[in-house]
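These notes concern the structure reproduced below.
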Amino acid sequence: MTQIRCDRTPAWGQLQAAFDASGRAFDVRSAFAADPQRFERFSQSAPHVFADLSKNRIDAATESILLELARQSGLEAHRDAMFSGAKINTTEGRQVLHWLLRNPPLAQVEQAPAAIKNISTELTQVHATLDAMLAYAQAVRFDASITDVVNIGIGGSDLGPQMAVLALNEFVIPGKRFHFVSNVDGHELAAVLRQVKPASTLFLVASKTFTTIETMTNAHSARAWFEANGGTDIARHFAALTTNVAAAKAFGISTTFGFWDWVGGRYSVWSAIGLPLAIAIGSEGFKAFLAGAHDVDEHFRSAPLARNLPVRLGLLDVWYRNFHGFTSRSVAPYHAALKRYPAYLQQLEMESNGKRVDVAGNALPFATSPVVWGEPGTNGQHAYFQMLHQGTDVVP
Numbered sequence: 013m014t015q016i017r018c019d020r021t022p023a024w025g026q027l028q029a030a031f032d033a034s035g036r037a038f039d040v041r042s043a044f045a046a047d048p049q050r051f052e053r054f055s056q057s058a059p060h061v062f063a064d065l066s067k068n069r070i071d072a073a074t075e076s077i078l079l080e081l082a083r084q085s086g087l088e089a090h091r092d093a094m095f096s097g098a099k100i101n102t103t104e105g106r107q108v109l110h111w112l113l114r115n116p117p118l119a120q121v122e123q124a125p126a127a128i129k130n131i132s133t134e135l136t137q138v139h140a141t142l143d144a145m146l147a148y149a150q151a152v153r154f155d156a157s158i159t160d161v162v163n164i165g166i167g168g169s170d171l172g173p174q175m176a177v178l179a180l181n182e183f184v185i186p187g188k189r190f191h192f193v194s195n196v197d198g199h200e201l202a203a204v205l206r207q208v209k210p211a212s213t214l215f216l217v218a219s220k221t222f223t224t225i226e227t228m229t230n231a232h233s234a235r236a237w238f239e240a241n242g243g244t245d246i247a248r249h250f251a252a253l254t255t256n257v258a259a260a261k262a263f264g265i266s267t268t269f270g271f272w273d274w275v276g277g278r279y280s281v282w283s284a285i286g287l288p289l290a291i292a293i294g295s296e297g298f299k300a301f302l303a304g305a306h307d308v309d310e311h312f313r314s315a316p317l318a319r320n321l322p323v324r325l326g327l328l329d330v331w332y333r334n335f336h337g338f339t340s341r342s343v344a345p346y347h348a349a350l351k352r353y354p355a356y357l358q359q360l361e362m363e364s365n366g367k368r369v370d371v372a373g374n375a376l377p378f379a380t381s382p383v384v385w386g387e388p389g390t391n392g393q394h395a396y397f398q399m400l401h402q403g404t405d406v407v408p
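All residue numbers for the sequence shown refer to this note's numbering, where the first residue is 13 and numbers rise by one.
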C-alpha cells in the first residue's frame, strides 16, 4: 500500500498555486453569480443527511485538485485497507475496526480469505457482546425500581453516550433519568447524588482498563455514598463497561460488558460504552442507531470520491486549514437537543488529527486539526456571532 504524505504530492503545489491565483480573494456572492448551478454542484445527499457546501470558499477547479490530492496521498487504498482489517494503526500495530461495531451480523465482507476469516471472528464477538448488552438494557428498561442511571466515565466514555442520549431525548423511555459524571472535581458527582437514591439508581462505570484515574475516583466515591446511605447490593446497582473484568469484580461488580483494543474512545459509543443509550432508547432504537452509522460507512466505502461526503468535507478542511490559514471551525447546532454535539466533535476531530508528527515520527511542516468549538445556534448568536460576522478572523 503506497503512502505519500500529502504535502509531497504534485497536487499540494497545485493547490498553493490555485490559492495564490484566486483562492485568497474568493467571493462567494460572485461565485453564485458566475455559476447558476453552484448550489447543485456543491450540495449532495448522503445516507440520512443533506449537505450544502455551496457557501464555502471553493470552486469546481479547486475541488478537482483536492480530489486529486486524496488520490495521490493514497486515501482510497488506506480506506480499503481499513475495511479489509489491515493494521493501519501502525503506531500501535492495530487494526482499525470501529466500523465493525456497526456492521449487521450477516454482512458480506469482500476481501482476501484471511481478512474475511479474521473479520468474521471479530464480527461474531461484536454481536455476541451486543446481544448480551441489549438484553441487559431491556431488563433495566422494564425494571420499574430503577429510576436513575448514572454513567461514570470520561472522554469517549462520556462524550458519545451523553451527546446521543440528549440528542435522542424524544425517544427516551419515560420514568427514567440519565446522568453523566466525568469531572474528577467532586462537585459534579455530589450534585447528581443529591438527586438520586441508592435503591433506585444504577451506576455504569465506563473505563476500558478500569484504571482511568478520574473515572475510578468518581466510581469509588459513588460506591462509598451508596454504602453509606444504606445500599447493600453493589452487584445489582453497579455495572462495568470494561475489558478488565478482574478489576471490576474486585470492585464488587459482576455485570460487565467489554470491547476491543481496536475501538478508539472517540468511536466507542457504538460499543458497550453505548449502554446508557441502549437503556434510554431500547434495543430496537439502538439497532437503528447502528444501522444509520453503517449506512454512512457504506457510503464512505463505496461512493466515488467526487460524491463522497466524508471525503469532500475532509478535503474542505485541508483547504481551509493549510491554504487559507483558518485556525478554527465553529459548530452551531440549531436543535437544542444537539447541545453536546460540538463537544463530541471536539474529541472526534482534535484527538484524531491534533498531531504534530507524521506516522514515522517526523515533524509536520503543515497545519493539522483546527480548533473545533461552538454552542447551540441562538445562544451562540448572542455570545460570539458578532465576532464571526464582524471580527478580523475568518471562522468557517
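Heads up, the beta-carbon is just placed ideally off N, CA and C, and yes, glycines get one too.
Beta carbon of residue i nearer than 7 Å to that of residue j
{"i": "Y356", "j": "L171", "result": "yes"}
{"i": "P210", "j": "N256", "result": "no"}
{"i": "H95", "j": "R278", "result": "Correcting the residue identity first, residue 95 is Phe in this sequence and not His. No, these two residues do not count as a Cβ contact at 7 Å."}
{"i": "V371", "j": "T102", "result": "yes"}
{"i": "L289", "j": "V217", "result": "no"}
{"i": "V275", "j": "H110", "result": "yes"}
{"i": "I246", "j": "S169", "result": "no"}
{"i": "A58", "j": "A179", "result": "no"}
{"i": "V193", "j": "I164", "result": "yes"}
{"i": "Y396", "j": "M175", "result": "no"}
{"i": "E361", "j": "V383", "result": "no"}
{"i": "L321", "j": "L79", "result": "no"}
{"i": "Q403", "j": "A344", "result": "Note on identity: in this sequence residue 403 is Gly, with Gln being the wrong assignment. Going by C-beta atoms, G403 is not nearer than 7 Å to A344."}
{"i": "F250", "j": "D19", "result": "no"}
Under the three-state DSSP convention, the category residue i falls into
{"i": "S342", "result": "strand"}
{"i": "A6", "result": "In the structure as shown, the chain starts at 13 and stops at 408, and residue 6 therefore has no counterpart that could be examined."}
{"i": "L253", "result": "strand"}
{"i": "W24", "result": "helix"}
{"i": "Q1", "result": "Since the first and last residues shown for the chain are 13 and 408, residue 1 lies out of range."}
{"i": "V204", "result": "helix"}
{"i": "D245", "result": "coil"}
{"i": "V406", "result": "coil"}
{"i": "S66", "result": "coil"}
{"i": "T268", "result": "strand"}
{"i": "Q49", "result": "coil"}
{"i": "S57", "result": "strand"}
{"i": "W237", "result": "helix"}
{"i": "A124", "result": "Reliability of the predicted coordinates at A124 is poor, the pLDDT of 43 falling under 50, and no value is obtained from them."}
{"i": "A218", "result": "strand"}
{"i": "W385", "result": "strand"}
{"i": "V330", "result": "helix"}
{"i": "W274", "result": "coil"}
{"i": "H90", "result": "helix"}
{"i": "A315", "result": "coil"}
{"i": "P117", "result": "coil"}
{"i": "N320", "result": "coil"}
{"i": "A395", "result": "coil"}
{"i": "D197", "result": "coil"}
{"i": "H347", "result": "coil"}
{"i": "L78", "result": "helix"}
{"i": "R36", "result": "coil"}
{"i": "I166", "result": "coil"}
{"i": "D71", "result": "coil"}
{"i": "V281", "result": "helix"}
{"i": "R41", "result": "helix"}
{"i": "L171", "result": "helix"}
{"i": "T390", "result": "helix"}
C-beta neighbour in chain C for residue i, strict 7 Å
{"i": "I77", "result": "No chain C is present in this structure, which holds just one protein chain."}
Bridge partner(s) assigned by DSSP for residue i
{"i": "D160", "result": "R189 and T213"}
{"i": "N440", "result": "In the structure displayed, the chain extends from 13 to 408; residue 440 sits before or after that span and is not available."}
{"i": "V369", "result": "A375"}
Inter-residue CB distance, residue i and residue j (contact presumed, cutoff 8 Å)
{"i": "A381", "j": "N365", "result": "Residue 381 is actually Ser in this sequence, not Ala. Contact flag correct, Cβ pair sits at about 4 Å."}
{"i": "S76", "j": "D64", "result": "Not a contact, Cβ separation roughly 19 Å."}
{"i": "T141", "j": "G270", "result": "7 Å"}
{"i": "T222", "j": "A252", "result": "At residue 222 the sequence reads Phe, which differs from the Thr that was named. Correct: roughly 7 Å between the Cβ atoms."}
{"i": "G86", "j": "Q15", "result": "5 Å"}
{"i": "P173", "j": "H306", "result": "19 Å between Cβ atoms; not a contact."}
{"i": "T268", "j": "T254", "result": "6 Å"}
{"i": "T213", "j": "S219", "result": "No, T213 and S219 are not in contact; Cβ-Cβ is about 19 Å, not under 8 Å."}
{"i": "G167", "j": "Q359", "result": "7 Å"}
{"i": "V208", "j": "V162", "result": "7 Å"}
Residue i beta carbon near the ligand SAH (any heavy atom closer than 6 Å)
{"i": "Y356", "result": "The model on display carries no ligand, and the ligand SAH is accordingly not part of it."}
Do three or more CB pairs link the stretch 283-299 to the stretch 177-184 at distances below 8 Å? They touch, by the three-pair rule.
Take every Cβ of the stretch 143-152, pair it with every Cβ of the stretch 334-354, and state whether three or more of those distances are shorter than 8 Å. The stretch 143-152 vs the stretch 334-354: no contact.
Count the C-beta pairs between the stretch 249-265 and the stretch 227-236 that are closer than 8 Å, then say yes if the count reaches three, no if not. Short answer: they touch.
Hey, is the stretch 183-203 in contact with the stretch 157-168, meaning 3+ C-beta pairs nearer than 8 Å? Contact between the stretch 183-203 and the stretch 157-168 is present: 3 or more CB-CB pairs across the two stretches fall below 8 Å.
Is there contact between the stretch 17-35 and the stretch 43-50, where contact requires at least three CB pairs shorter than 8 Å? Remark: fewer than three beta-carbon pairs, one from each stretch, lie closer than 8 Å, so the stretch 17-35 and the stretch 43-50 are not flagged as touching.
The stretch 317-332 / the stretch 65-72 touching (three or more Cβ pairs under 8 Å): Contact between the stretch 317-332 and the stretch 65-72 is present, because at least three Cβ pairs lie under 8 Å.
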